[in-house]
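Beneath this line is the structure, given in structure tokens, with notes to follow.
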Amino acid sequence: MDSLLIHGGNTLAGEVRISGAKNAALPILTASLLTAGPLQLSNVPQLKDISTMLALLGHMGVTVTPGEKNCVTLCGENIPHKEAPYEMVKTMRASILVLGPTLARFGEARVSLPGGCAIGSRPVDLHIKGLQAMGAEIRIEHGYIHAKAKRLKGAHIAMDVVTVTGTENLMMAAALADGTTVLANAAREPEVVDLANCLIAMGAKIEGAGSGVVTIHGVPELHGAAHRIMPDRIETGTFLVAAAMTGGKIRALDAAPETLVSVMGKLADAGAHVTQGDHWIEVESDGVLNAVDVRTAPHPAFPTDMQAQFMALNCVASGAASVTETIFENRFMHVQELRRLGANIEVSGHTALVRGVPRLDGAIVMATDLRASACLVLAGLVAAGETTIERIYHLDRGYERIEEKLTQLGARIKRVH
Ligand code: UD1
Numbered sequence: 003m004d005s006l007l008i009h010g011g012n013t014l015a016g017e018v019r020i021s022g023a024k025n026a027a028l029p030i031l032t033a034s035l036l037t038a039g040p041l042q043l044s045n046v047p048q049l050k051d052i053s054t055m056l057a058l059l060g061h062m063g064v065t066v067t068p069g070e071k072n073c074v075t076l077c078g079e080n081i082p083h084k085e086a087p088y089e090m091v092k093t094m095r096a097s098i099l100v101l102g103p104t105l106a107r108f109g110e111a112r113v114s115l116p117g118g119c120a121i122g123s124r125p126v127d128l129h130i131k132g133l134q135a136m137g138a139e140i141r142i143e144h145g146y147i148h149a150k151a152k153r154l155k156g157a158h159i160a161m162d163v164v165t166v167t168g169t170e171n172l173m174m175a176a177a178l179a180d181g182t183t184v185l186a187n188a189a190r191e192p193e194v195v196d197l198a199n200c201l202i203a204m205g206a207k208i209e210g211a212g213s214g215v216v217t218i219h220g221v222p223e224l225h226g227a228a229h230r231i232m233p234d235r236i237e238t239g240t241f242l243v244a245a246a247m248t249g250g251k252i253r254a255l256d257a258a259p260e261t262l263v264s265v266m267g268k269l270a271d272a273g274a275h276v277t278q279g280d281h282w283i284e285v286e287s288d289g290v291l292n293a294v295d296v297r298t299a300p301h302p303a304f305p306t307d308m309q310a311q312f313m314a315l316n317c318v319a320s321g322a323a324s325v326t327e328t329i330f331e332n333r334f335m336h337v338q339e340l341r342r343l344g345a346n347i348e349v350s351g352h353t354a355l356v357r358g359v360p361r362l363d364g365a366i367v368m369a370t371d372l373r374a375s376a377c378l379v380l381a382g383l384v385a386a387g388e389t390t391i392e393r394i395y396h397l398d399r400g401y402e403r404i405e406e407k408l409t410q411l412g413a414r415i416k417r418v419h
């Protein structure tokens with residue numbers, strides 16, 4: 003198993019190119035199941051989660067043709083296996099995204115129920131309820147969701163909780179349903195908008211994506227299209243926090259500033275100098291930071307996927323701040339590991355009180371999930387001496403060539419096999 007070895011203390015400076023968004027690419031790849039026509043995608047990040055999704059789609063029967071650098075063409079003309087097996091779903095929960103499109107186009111789908119995961123129980127009940135409201139007959143058998151519907155029907159669906167992949171699954175299903183579907187309390191995340199834009203390019207009729215109410219007028223069929231995946235806002239945010247923590251200056255290129263308003267605001271509150279242009283964001287800092295309170299909530303509020311990185315920032319800032327997680331019940335596993343580096347953090351329920359310390363000291367730590375891994379990398383970049391991060395396969399699920407990008411910015415980081 004690979005580890006990352008980081009020698010802390012270097013100031014990071016320079017430009018970094020942001021990759022395509024993992025969380026936009028995953029649902030958009032599954033949109034290939036909605037049409038027999040080719041879906042040409044560009045700016046697809048090369049990540050473990052993406053290869054897992056491509057393997058799942060390939061298993062189902064989608065033809066996957068890799069193009070030049072970060073391009074891929076998918077053709078879902080024949081889908082002999084309308085099933086996502088346990089072995090694949092258990093490695094990546096986002097596999098649930100094949101349910102809506104497969105059911106909508108073929109009238110049948112079988113998807114393994116995702117189990118619990120490191121950051122909480124993460125049920126998929128709202129995906130199921132939404133499809134049932136659209137007329138699907140759903141049985142849970144032998145750990146699988148078995149869904150059938152001759153043709154889904156448009157419905158008014160009010161979701162109890164804001165769910166990102168739930169909104170995406172239902173939006174894709176509704177695109178081929180008979181009649182109009184209204185999704186109320188829909189997720190407003192930019193990745194939902196990116197998926198909607200791709201679906202619209204494929205011939206779907208969707209209004210309101212990015213707002214809390216999305217209206218989808220079903221059409222009998224969709225066609226192939228070309229789409230460029232939006233920039234990854236979480237990767238961007240992670241590099242910006244690295245600039246702030248190391249007292250450096252990083253310009254994130256090919257970024258989407260409009261998707262990072264709350265994160266940029268928090269960095270400015272922490273004392274960093276944040277500037278932006280059409281497709282770039284720059285953060286400059288002298289490394290003297292104030293601790294900032296953070297409370298995660300659905301977009302456009304502060305993203306849960308940036309919570310761990312701001313926890314790392316607060317560890318070395320002056321003063322104390324609270325970090326409150328409202329989306330996932332068990333997303334503080336990085337706290338134990340940060341403590342091993344000398345951080346002062348107390349957890350009470352969903353809130354962590356972080357008191358800044360003058361310095362962190364390198365140690366061996368273990369990555370427990372994707373964003374927790376990013377937080378440990380950030381902490382390692384400022385810790386005195388050497389930090390070894392074990393189990394970095396989590397990091398490879400969501401950050402493209404992270405050690406290469408950090409090295410270019412001046413970090414001393416290497417992968418050890
Ligand atoms: C997506 C993102 C993930 C991000 C999360 C929250 C992808 C591939 N992953 O995950 O990186 O951290 O959004 O921004 O896009 N819930 C239910 N029932 C459901 C579905 C969700 O109760 O049927 C709850 C969850 O347990 C959680 C909350 O809703 O408490 C939000 O989860 P959700 O938005 O669905 O997360 P994902 O879409 O899995």
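For reference, each letter of the sequence shown is one residue, going 3 to 419 in this note's numbering.
All C-beta atoms, glycine included, are put in the ideal place defined by N, C-alpha and C.
Helix, strand or coil for Met94? Go by DSSP, reduced to three states. Numbered from 1 along the sequence shown, position 92 holds the residue referred to as residue 94. Looking at Met94 - three-state DSSP - the assignment turns out to be coil, as it is neither helix nor strand.
Could you pull out every residue in the same chain whose Cβ sits closer than 8 Å to the Cβ of Val1, ignoring the five residues on either side in sequence? The structure shown has nothing for residue 1, since the chain only spans 3 to 419.
What span of residues does the alpha helix (DSSP H) with Gly267 cover, start to end? Here the question's residue 267 lines up with position 265 in the sequence shown. Note, Gly267: alpha helix (DSSP H), 263 to 271.
To which residues of the same chain is Arg297 closer than 7 Å at the C-beta, ignoring the five residues directly before and after it? Numbered from 1 along the sequence shown, position 295 holds the residue referred to as residue 297. Close CB contacts of Arg297 within its chain, under the 7 Å cut and outside five residues either way in sequence, are with Phe304, Thr326, Thr328 (chain order).
Whether or not the segment 167 to 175 and the segment 17 to 35 are in contact is what I'm after, with contact meaning three or more pairs of Cβ atoms, one per stretch, closer than 8 Å; do they touch? With a cut-off of 8 Å, the segment 167 to 175 and the segment 17 to 35 count as touching, because enough Cβ pairs lie within range.
Should Pro125 be counted as a contact of the ligand UD1 given a C-beta to heavy atom distance under 8 Å? Taking the sequence shown and counting its residues from 1, the one referred to as residue 125 is at position 123. Within the cutoff, so yes.
Using 10 angstroms around the beta-carbon of Pro82, count the other beta-carbons present and answer buried if the total reaches 16, otherwise exposed. Residue 82 sits at position 80 when you count from the first residue of the sequence shown. Exposed is the call here.
Using the Cα positions of Leu291 and Asp271, report the straight-line distance between them to the nearest angstrom. Reading the sequence shown from its first residue, position 289 is the one you call residue 291. Reading the sequence shown from its first residue, position 269 is the one you call residue 271. Each residue's Cα considered, the two are about 9 Å apart.
Report the rounded CA-to-CA distance for Glu85 versus Asp288, giving the unit in angstroms. Position 83 of the sequence shown, counted from the first residue, corresponds to residue 85. Position 286 of the sequence shown, counted from the first residue, corresponds to residue 288. The alpha-carbon atoms of Glu85 and Asp288 are separated by roughly 53 Å.
Name, in chain order, the residues that DSSP records as bridge partners for Pro360. Taking the sequence shown and counting its residues from 1, one reaches residue 360 at position 358. When beta bridges are read from the DSSP output, Pro360 appears opposite no residue.
Evaluate Ile142 with the Cβ neighbour count: other Cβ atoms within 10 Å of its Cβ, from every protein chain shown; 16 or more gives buried, anything less gives exposed. Start at 1 with the first residue of the sequence shown, and residue 142 comes out as number 140. So Ile142 ends up on the exposed side.
Of the residues Gln309, Ala322, Ser320, which one's Cα is nearest the Cα of Glu331? Here residue 331 refers to the residue found at position 329 when the sequence shown is read from its first residue. That would be Gln309, whose Cα lies nearest to the Cα of Glu331.
Hey, how far is the Cα of Ala246 from the Cα of Ala274? Taking the first residue of the sequence shown as 1, we reach residue 246 at position 244. Taking the first residue of the sequence shown as 1, we reach residue 274 at position 272. When rounded, the distance between both Cα atoms is 6 Å.
Suppose contacts are defined by Cβ-Cβ distances below 9 Å. Is Leu355 in contact with Ala386 by that definition? Residue numbering aside, residue 355 sits at position 353 when the sequence shown is read from its first letter. Residue numbering aside, residue 386 sits at position 384 when the sequence shown is read from its first letter. No, Cβ-Cβ distance for Leu355 and Ala386 is not below 9 Å.
Any chance the segment 53 to 63 sits against the segment 85 to 103, with 3 or more Cβ pairs inside 8 Å? Touching, yes, given that three or more Cβ pairs across the two stretches are closer than 8 Å.
Those residues which DSSP pairs with Ala86 across a bridge: Position 84 of the sequence shown holds residue 86. Val113, per the DSSP bridge assignment.
Please name the residue in Pro233, Asp295, Asn316 whose C-alpha comes closest to that of Trp282. Indexing the sequence shown from 1 puts residue 282 at position 280. Measuring from the Cα of Trp282, the nearest candidate turns out to be Pro233.
Considering only the alpha carbon of each residue, which of Gly351, Met136, Arg399, Ile404 lies closest to Val379? As a working note, residue 379 is residue 377 in the sequence shown. Val379 has its Cα closest to that of Ile404, out of Gly351, Met136, Arg399, Ile404.
Can you have a look at Lys268 and say buried or exposed, based on whether 16 or more other CB atoms are within 10 angstroms of its CB? Residue 268 sits at position 266 when you count from the first residue of the sequence shown. Buried is the call here.
If you follow the beta strand (DSSP E) that Leu422 is in, where does it begin and where does it stop? Lying before the first or after the last residue shown, residue 422 is absent from the chain, which here runs from 3 to 419.
Any heavy atom of the ligand UD1 within a distance shorter than 8 Å of the CB on Arg235? Here residue 235 is taken as the residue at index 233 of the sequence shown, counted from 1. Checking the Cβ of Arg235 against the ligand UD1 gives no.
Which term fits Asp196, buried or exposed, when burial requires 16 or more other beta carbons within 10 angstroms of its beta carbon? As a working note, residue 196 is residue 194 in the sequence shown. Buried, by the Cβ-count rule.
With respect to the beta strand (DSSP E) encompassing Glu150, which residues constitute its N-terminal and C-terminal limits? As a first step, residue 150 must be located in the sequence shown, where it is residue number 148. Note on residue identity: the sequence assigns Lys, not Glu, to residue 150. 146 to 150 is the extent of the beta strand (DSSP E) around Lys150.
Check each candidate in Leu178, Arg417, Ala186 and name the one with the smallest Cα separation from Ala221. What you label residue 221 is simply residue 219 of the sequence shown in a count that begins at 1. In the sequence on display, residue 221 carries Val and not Ala. The residue with the shortest Cα to Cα distance from Val221 is Leu178.
Based on the DSSP secondary-structure assignment, which residues constitute the bridge partners of Ser21? Against the sequence shown, residue 21 aligns to sequence position 19. Bridge partners of Ser21 according to DSSP: none are assigned.
Could you give the residue range of the beta strand (DSSP E) that holds Met368? The sequence position of residue 368 within the sequence shown is 366, counting from 1. 366 to 368 is the extent of the beta strand (DSSP E) around Met368.
Close Cβ partners of Glu110 (< 6 Å) along its chain, the five nearest in sequence each way excluded: The residue labelled residue 110 in the question sits at position 108 within the sequence shown. Same-chain partners within the cutoff: Lys84, Lys150.
Any chain C beta carbon closer than 9 Å to Met204: Among the chains in the structure shown there is no chain C, since it carries only a single protein chain.
Give the DSSP bridge partners of Ala160, in chain order. Against the sequence shown, residue 160 aligns to sequence position 158. Paired residues: Ala186.
Nearest to Pro116 by CA position, among Lys92, Val359, Ala198, Glu339, is which residue? Here residue 116 refers to the residue found at position 114 when the sequence shown is read from its first residue. Checked all of Lys92, Val359, Ala198, Glu339; the closest Cα to Pro116 is Lys92.
Assigned secondary structure, Cys73 (DSSP; H/G/I helix, E/B strand, else coil): Here residue 73 refers to the residue found at position 71 of the sequence shown. Coil.
Around the Cβ of Val418, are there at least 16 other Cβ atoms within 10 angstroms (buried) or fewer (exposed)? Translated into the one-based positions of the sequence shown, residue 418 becomes position 416. Looking at its Cβ environment, which holds fewer than 16 other Cβ atoms inside 10 Å, Val418 is exposed.
Contact defined as beta carbons within less than 8 Å: I believe Val294 pairs with Val359. What is the distance between those atoms, to the nearest angstrom? In the sequence shown, residue 294 corresponds to position 292, counting from 1. In the sequence shown, residue 359 corresponds to position 357, counting from 1. Rounded, the Cβ-Cβ distance is 16 Å, inconsistent with contact.
What do you get for Pro300, buried or exposed, if any count of 16 or more other CB atoms within 10 angstroms of its CB means buried? Here residue 300 corresponds to residue number 298 of the sequence shown, with the count starting at 1. By the neighbour-count rule (16 or more Cβ atoms within 10 Å), Pro300 is buried.
Taking Cβ positions, are His144 and Gly102 nearer each other than 9 Å? Walking along the sequence shown from the start, residue 144 turns up at place 142. Walking along the sequence shown from the start, residue 102 turns up at place 100. Against a cut-off of 9 Å, the Cβ pair of Gly102 and His144 comes out as no contact.
CA-to-CA distance, Arg333 to Ala365, given in whole angstroms: In the sequence shown, residue 365 corresponds to position 363, counting from 1. In the sequence shown, residue 333 corresponds to position 331, counting from 1. Distance between the alpha carbons of Ala365 and Arg333 is about 22 Å.
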